[in-house]
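Participant:
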Amino acid sequence: MTVGSKDLRFGFDVDAIRDRYREERDKRLRPDGDDQYTELSGKFLHYNEDDPYAAPLARDPVERDVDVAIIGGGFSGLLAGARLQEVGIQDLCIVEAGGDFGGTWYWNRYPGAQCDVESYSYLPLLEETGFVPENRYSFTDEIFEYCQLIGRRFGLYDRTYFQTRARSLEWDEGLKRWRLRTSRGDDIRARFVINGLGTASRAKLPGIPGIEDFEGHSFHTSRWDYEYTGGGVNSPLTRLADKRVAIIGTGATAIQCIPRVAWAARHLHVFQRTPSTLGFRNNKETDVDWYRSQAPGWQDERRRAFADMLQGVPVADDLAETFDNRVNKNSQALRDLIAREAPKTPRETAFLVEVADHQIMNGIRQRVDDEVRDAATAEALKPWYRRMCKRPTFNDEFLACFNQDNVTLVDVSDAKGVERITPKGVVANGVEYEVDCIIYASGFEITSDFKRRMGFEIKGRGGKSLFDHWRGGLGSMKTLHGFSTRGFPNWFYIGVSQNAVGFNMTQMFDEQARHIAYVIAETQKRQGLTVEPSEAAQDAWVQEIRDTAVDATKFQMDCTPGYYNNEGNPGGGMTSGAYQGGINRFNEILSAWRSAGDLAGLEISRAE
Ligand code: NDP
1324 MTVGSKDLRF GFDVDAIRDR YREERDKRLR PDGDDQYTEL SGKFLHYNED
1374 DPYAAPLARD PVERDVDVAI IGGGFSGLLA GARLQEVGIQ DLCIVEAGGD
1424 FGGTWYWNRY PGAQCDVESY SYLPLLEETG FVPENRYSFT DEIFEYCQLI
1474 GRRFGLYDRT YFQTRARSLE WDEGLKRWRL RTSRGDDIRA RFVINGLGTA
1524 SRAKLPGIPG IEDFEGHSFH TSRWDYEYTG GGVNSPLTRL ADKRVAIIGT
1574 GATAIQCIPR VAWAARHLHV FQRTPSTLGF RNNKETDVDW YRSQAPGWQD
1624 ERRRAFADML QGVPVADDLA ETFDNRVNKN SQALRDLIAR EAPKTPRETA
1674 FLVEVADHQI MNGIRQRVDD EVRDAATAEA LKPWYRRMCK RPTFNDEFLA
1724 CFNQDNVTLV DVSDAKGVER ITPKGVVANG VEYEVDCIIY ASGFEITSDF
1774 KRRMGFEIKG RGGKSLFDHW RGGLGSMKTL HGFSTRGFPN WFYIGVSQNA
1824 VGFNMTQMFD EQARHIAYVI AETQKRQGLT VEPSEAAQDA WVQEIRDTAV
1874 DATKFQMDCT PGYYNNEGNP GGGMTSGAYQ GGINRFNEIL SAWRSAGDLA
1924 GLEISRAE
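Under the numbering used here, the first residue of the sequence shown is numbered 1324, with each subsequent residue one higher.
#1: DSSP on Gly1851, reduced to helix/strand/coil?
#2: Are at least three pairs of beta-carbons, each pair with one atom in the stretch 1759–1767 and one in the stretch 1516–1531, less than 8 Å apart?
#3: Is it the case that the Cβ atoms of Leu1852 and Ala1930 are separated by a distance below 7 Å?
#4: Could you tell me if the beta carbon of Gly1572 falls within a distance shorter than 6 Å of some heavy atom in ligand 1?
#5: Any heavy atom of ligand 1 closer than 6 Å to the Cβ of Cys1438?
#6: For Glu1346, count neighbouring Cβ atoms within 10 angstroms of its own Cβ and tell me buried if that reaches 16, exposed if not.
#7: Tell me where the beta strand (DSSP E) around Lys1782 begins and ends.
#8: Just grab the DSSP bridge partners of Pro1582 for me.
#9: Taking 8 Å as the cut-off, does the stretch 1567–1581 touch the stretch 1591–1608 (at least 3 CB pairs, one atom from each stretch)?
#10: Tell me whether Trp1613 is buried or exposed, calling it buried when 16 or more other Cβ atoms sit within 10 Å of its Cβ.
#11: Any heavy atom of ligand 3 within a distance shorter than 6 Å of the CB on Thr1463?
#12: Could you check if Phe1594 belongs to the surroundings of ligand 1, using beta carbon to heavy atom distance under 6 Å?
#13: Could you name the residues of the same chain whose beta carbon sits closer than 8 Å to that of Phe1477, not counting the 5 residues immediately before and after it, in chain order?
#14: So, for Gly1810: in the same chain, excluding its five sequence neighbours on each side, which residues have a beta-carbon less than 8 Å away from its beta-carbon?
#15: If I measure Cβ to Cβ from Arg1562 and keep anything under 6 Å in the same chain, skipping five residues before and after, which residues do I get?
#16: Is the Cβ-Cβ distance between Val1385 and Asp1414 less than 7 Å?
#17: In angstroms, rounded to a whole number, what distance separates the CA positions of Pro1706 and Ser1820?
#18: Can you grab the Cα-Cα spacing for the pair Glu1845 / Arg1351, in whole Å?
#19: Quick one: residues in its chain with C-beta nearer than 7 Å to the C-beta of Val1691, no 5 flanking neighbours on either side, listed in chain order?
#20: Write down the C-beta distance between Ala1639 and Gly1905 rounded to the nearest angstrom, noting that I regard them as a contact closer than 8 Å.
#21: Quick check on this structure: which residue in Ala1588, Ser1599, Asn1371 has the alpha carbon closest to the alpha carbon of Ala1575?
#22: Starting from Trp1814, trace the alpha helix (DSSP H) both ways and give me its first and last residue.
#23: Whole angstroms are fine: how far does the CA of Met1828 sit from the CA of Asp1357?
#24: Starting from the C-beta of Ser1928, find all residues in its chain whose C-beta is less than 7 Å away, skip the five residues before and the five after it, and write them out in chain order.
#25: Is Ala1735 near ligand 1, with its Cβ less than 6 Å from a heavy atom?
#26: What does a CB cutoff of less than 8 Å around Asp1548 pick up in its chain, not counting 5 residues either side in sequence?
#27: May I ask whether a heavy atom of ligand 1 can be found less than 6 Å away from the beta carbon of Gly1740?
#28: Per DSSP, what kind of secondary structure is Cys1724 in: helix, strand or coil?
#29: Go to Phe1909, then tell me how far its alpha helix (DSSP H) extends in each direction, as first and last residue.
#30: As an exercise, report each continuous beta strand (DSSP E) stretch of at least 3 residues that is fully enclosed by the stretch 1500–1540, in chain order.
#31: Give a single yes or no on whether Thr1576 has its beta carbon closer than 6 Å to a heavy atom of ligand 1.
#32: Less than 7 Å separating the beta-carbons of Arg1307 and Asp1495?
#33: Which residues share a DSSP beta bridge with Leu1363?
#34: Could I get the ranges of all uninterrupted alpha helix (DSSP H) runs contained in the stretch 1377–1460, with 4 residues as the minimum, in chain order?
#35: May I ask you to list the residues that DSSP assigns as paired with Pro1856?
#36: With three or more beta-carbon pairs closer than 8 Å as the criterion, would you say the stretch 1443–1452 touches the stretch 1869–1885?
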């Protein structure tokens, strides 16, 4: 079998595609990497700290003891609250920055906001709540309402301090408790703490020169200003009819809100550095009879199948049909290719994987030609990189917007981004575009310094900072299963850590919440005061991660820059250092560990 070069058996020139990918990557690489983004402060601090959705709440500071304090009231915190109660732990409280539950779905209410994972797999606890999602893909308002429903169903409202931010967390060796101090002056002495702050909770802005000088209106998508735009998630933005609007960014968020702004604004300028891959959405209403006919245990099974499918494992036809069928077809195309070509070496197999990727990407690029009339605009909207270099997006309205007279695509790839912002507008490629409003769809801090993302200090035994302890990121931290770390007794972490990371974040959070609830309950059953991993158990887990690691450095470095590859710099990226055996395998490891019942690798101390 020929590997690469001018092998046209597949209908395209693999080398030519590789060359184009390299060119497109190189022109976007920036020496400042992640530092090109600014931490929100000064004039922009309100993008992270203000809550445009809730009236300010007045309350006195609280001083209290509690068994478990949960930081964050998004899906991680809600699931922790629910799973703790399942194992009999009622004495808990939640500290949440927003005015209600929801986390991501509380803050991200931009028009068109929708979850890219099907609701039947994404919305957790569906069997427990009996909730029927309206559509296969839920919009943000339904997800937010569902978070509220979970809050009510599990009695969490009375136990939550809203509009309250954690400011510091310190282990008190005398009390054998954590002292959680908040923005409200609270002093909460918690036996156990669960950190569930999510992966995209701090907005970021591009460090574009002059960004502070703009005299028009501006906001970040995670704090959508409906006061200014009018309308809602699914209703027309009525106040934009006389406005010239700029949107900076074309990631997963922008893809969803651009059509809504395009339909409403006098003019929309979309500033695009890297085009997204755009899959079909094909949303449809839930077939309620089908939904109600599911057998008990269906949701766990469905989530497992969804994760399998995304890893290329064949799933039953009826499941594949209701997922994004193309993902399944793409995996099938690869399996067919392998069966036909019968590769004999790992190199040959890797080549076929690449060919299948080019086939998918050719289809994605063809869709742009099919839907966008202006040839130059279509060309600029085509993504030239391997499919998993960037977060895939799904939308059926985005491309057609560029056929509207009031929409202009401004390609800023050659200049590595927008050049400058002036009091009147946005400068790109030497041209000033005057606008009334700039909307930053510039994403979140996902790979920046961990302390910066957390936003507060965590000090364990002997006053040691967690951020010093974990300095160097996922690749150098030590944990047991990603949840707990020696020297920080009774402290647990839900989120992206040394665990498996999947597209369906709530599948991940749910298993983590179950597991942590189990560990806390078992510690209490054993009259334990503290629980933490042994050094040996941490070492063994780190070794397991190394043993199962797939070296994706070459793939990553060939990619166009973004947070998946640490903006094109080796040794970072969202999931580097995480467990790579797959989310289902990881969950099996946890489940087997719990079934053994001996809390292997954890050390429990009791009162003398
Ligand atoms: P992203 O980080 O994905 O996108 C930011 C955008 O801003 C990119 O297009 C980036 O370009 C652009 N940008 C940054 N700096 C500049 C600059 N100087 N000039 C011009 N453009 C610039 O953020 P999103 O908010 O879109 O998405 C963040 C994450 O949120 C997603 O990856 C996803 O995980 C999550 N999300 C999930 C959804 C769901 O369905 N569950 C829906 C929406 C978002 P470039 O690509 O070149 O860096």
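By construction, the Cβ of each residue, glycine as well, lies at the ideal position given by its N, Cα and C atoms.
Being a predicted model, the structure only gives us computed values, none of them experimental.
Facilitator: Reading from the atomic positions:
#1: strand
#2: yes
#3: yes
#4: yes
#5: Yes - ligand 1 has a heavy atom lying nearer than 6 Å to the Cβ of Cys1438.
#6: exposed
#7: 1780–1782
#8: Paired residues: none, contrary to the question.
#9: yes
#10: exposed
#11: For the structure depicted, ligand 3 is absent and the ligand set comprises only ligand 1.
#12: yes
#13: Within the same chain, Cβ atoms closer than 8 Å to the Cβ of Phe1477 are found at Leu1401, Gly1404, Ala1405, Gln1408, the five residues on either side in sequence being excluded.
#14: Gly1783, Arg1784, Gly1785, Lys1787, His1792, Glu1855
#15: Thr1552, Gly1553
#16: In this structure, Val1385 lies away from Asp1414, with their beta-carbon atoms at least 7 Å apart.
#17: 30 Å
#18: Our two residues, Glu1845 and Arg1351, have alpha carbons roughly 51 Å apart in a direct line.
#19: Ala1701, Leu1704, Lys1705, Leu1722
#20: Wrong, their Cβ atoms sit about 18 Å apart, outside the cutoff.
#21: Comparing Cα positions, the closest option is Ser1599.
#22: First-last for Trp1814: 1814–1816, but that is the beta strand (DSSP E), not the alpha helix (DSSP H).
#23: 24 Å
#24: Gly1851, Leu1852, Thr1853
#25: One point to set straight first is that residue 1735 is Val, not Ala, in the sequence displayed. Checking every heavy atom of ligand 1 against the Cβ of Val1735, one is found closer than 6 Å.
#26: Pro1375, His1540, Phe1542
#27: yes
#28: It is helical.
#29: 1906–1919
#30: 1500–1505, 1510–1518
#31: yes
#32: No statement about residue 1307 is possible, as the shown extent of the chain runs from 1324 to 1931 and does not include it.
#33: According to DSSP, which records beta bridges pairwise, Leu1363 is partnered with nothing at all.
#34: Secondary structure remark: continuous alpha helix (DSSP H) runs of at least 4 residues inside the stretch 1377–1460, in chain order: 1398–1409, 1427–1430, 1442–1445, 1449–1452.
#35: Leu1925
#36: no
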